[in-house]
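In terms of this note's numbering, the sequence shown is residues 9 to 301.
The block underneath contains the structure these notes are about, expressed in structure tokens.
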Amino acid sequence: MKLTFLSCLGLGLVSVVNGIILQSSDGTEIFADAIGNPRNPPIVFVHGITLSALVWKDLFQDKRLLDHFYLVSYDLRGHGRSGKPNTTEAYVSNLFADDFAAVIKAFKVKSPLFVGWYWTVTSDIFAHLPPRTISGIVAVAATPSTGLAINAPTTIALLPGFSVTNDVAVDISTKSTFIDACFNDPSNVAIDIIWSWLASSVIQLPPITGLVGGRPQDTTKLFEAGAKGFPYLVISGTEDKIALNDNVTAEIEPHFTNLEVIRIQGGAHAVFIENEDEFVRALVPFANKILVL
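In structure tokens, the structure reads:
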């Protein structure tokens, strides 16, 4: 476990955690980190499939977030710097919920706002953790369940490559193409972002991708909460080549009476990178309202 704490002048305390390794309920190691003032309202950010919490690195330097919220992120099991067990039993719903519980316990945050990109663990949280574990959901081009049809044609065309186990070139090419498709113009994205995302993706072997993506999730309790007014914000880009955001929104809309949808014009799948300003301007008012600043 590695911890680094930096204090600043004045009344607040700024904490920079350079990564901690937690143990989940089954012993799987979960990498997590946090930045900001621990006294500020907490937001937990969860990355998409094959990637890692590194996707949030640049966003976590945005002062509109950093100055007002405590920002927590972690690598999902099977991803990034977290453990990658290779059995089906290691990827059941309750374990993803237990991972989340371990993270918020480690950072001593209560009822954080949940921000999830692409494939989220919100259904797992509601199915297996107590009510009010989270205070609201921000779905960034995301589905609450693996059972909903979110994949756009570009993604569907790439799916066979994610399952190839005997050709490293195909594996790397597929993941590189997938990452490029997350952006409108990958040539204008900082190369360290592209490389860190590709590295995160490549270290997840194809069998693990299948175990993560193929697991069932139960949306019953999530949708019950949605019917009672649980806050749910969808943020997505109009030029997303990875996710069918309109389809997912249409499927979840009947289940959430307190649903907000913000479409960022011209935004791609990684809308928080290429359209960071618009993304933060969409996120902050919702976070302020939910976390009662």
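Glycine residues also receive a C-beta, built at the ideal position from the N, C-alpha and C atoms.
Since the structure is predicted, the reported quantities are computational estimates derived from the model, not experimental observations.
Cα-Cα separation, residue i to residue j
i    : j    : result
N296 : T173 : 45 Å
L19  : R140 : Interpretation of L19 is limited by its pLDDT of 35, a score under 50 that renders its predicted location unreliable; the figure taken from the coordinates is listed afterwards. Their Cα atoms are separated by approximately 29 Å.
L166 : R47  : 43 Å
R223 : I51  : 26 Å
I158 : A114 : 32 Å
I180 : Q212 : 11 Å
T217 : E282 : 26 Å
V197 : L30  : 32 Å
L14  : K71  : Its pLDDT being 31, under 50, L14 is placed unreliably in this model, and the value from its coordinates should be taken loosely. Their backbone Cα atoms lie some 17 Å apart in a straight line.
E97  : G35  : 13 Å
T228 : L59  : 27 Å
D254 : E268 : 13 Å
Q225 : G44  : 32 Å
H55  : G124 : 6 Å
L84  : F186 : 19 Å
F122 : P168 : 31 Å
S131 : P152 : 6 Å
V100 : D75  : 36 Å
K118 : S208 : 29 Å
V178 : K116 : 42 Å
A258 : P194 : 29 Å
V292 : D188 : 27 Å
I164 : A109 : 32 Å
P69  : I28  : Per the sequence presented here, residue 69 reads as Gln, with Pro not at that position. Their Cα atoms are separated by approximately 19 Å.
E247 : H263 : 26 Å
Cβ-Cβ distance between residue i and residue j below 8 Å
i    : j    : result
K249 : A150 : no
L67  : F294 : no
E134 : L230 : Checking the sequence shown, residue 134 turns out to be Phe, not Glu. Against a cut-off of 8 Å, the Cβ pair of L230 and F134 comes out as a contact.
Y316 : I145 : Outside the displayed span of the chain (9 to 301) sits residue 316, for which this structure offers no information.
L73  : V300 : no
P120 : V80  : yes
I57  : V220 : yes
K183 : L206 : yes
I270 : I298 : no
T154 : W127 : yes
C190 : A278 : yes
Which listed residue (the options) has its alpha carbon closest to that of residue i
i    : options                  : result
F170 : V210, A61 and E286       : V210
A61  : E37, D41 and G274        : D41
L137 : A114, D107 and K116      : D107
N94  : L59, L84, P215 and T58   : P215
D273 : N192, T265 and V292      : Note on identity: in this sequence residue 273 is Gln, with Asp being the wrong assignment. Of the candidates N192, T265 and V292, the one whose C-alpha sits nearest the C-alpha of Q273 is N192.
V111 : T246, I142 and A98       : I142
F2   : N45, Y82 and E259        : The shown model of the chain, from 9 to 301, leaves out residue 2, and the question about it has no answer.
S204 : R89, W125 and T246       : R89
F53  : P194, S101 and A147      : A147
L252 : L267, P262, G44 and A276 : A276
S32  : D75, N102, G44 and I43   : N102
A233 : T246, E261 and D285      : E261
I199 : V63, W125 and I43        : V63
D285 : V176, G245 and F264      : G245
F238 : S195, Q69, T265 and K116 : T265
K65  : I201, E259 and V292      : I201
Segment limits, beta strand (DSSP E) that includes residue i
i    : result
V279 : Run containing V279: none in the beta strand (DSSP E); it sits in the alpha helix (DSSP H), V279 to E282.
A114 : No beta strand (DSSP E) holds A114; the alpha helix (DSSP H) holding it covers S101 to A114.
I145 : G144 to T151
A157 : Note, A157: premise wrong, no beta strand (DSSP E); not H, not E.
Nearest-angstrom Cβ-Cβ length linking residue i and residue j, presumed shorter than 8 Å
i   : j   : result
G86 : E37 : No, G86 and E37 are not in contact; Cβ-Cβ is about 11 Å, not under 8 Å.
Host alpha helix (DSSP H) of residue i (start-end)
i    : result
E247 : Counting along the chain, E247 falls outside any alpha helix (DSSP H), and DSSP gives it neither H nor E.
S195 : Neither: S195 is in no alpha helix (DSSP H) and is coded neither H nor E.
L230 : T228 to A235
F134 : T130 to H136
V63  : Segment: none, V63 is in no alpha helix (DSSP H) and carries neither H nor E.
S81  : Not the alpha helix (DSSP H): S81 falls in the beta strand (DSSP E), residues Y78 to Y82.
A177 : V176 to A189
A258 : N253 to I260
I216 : P214 to G221
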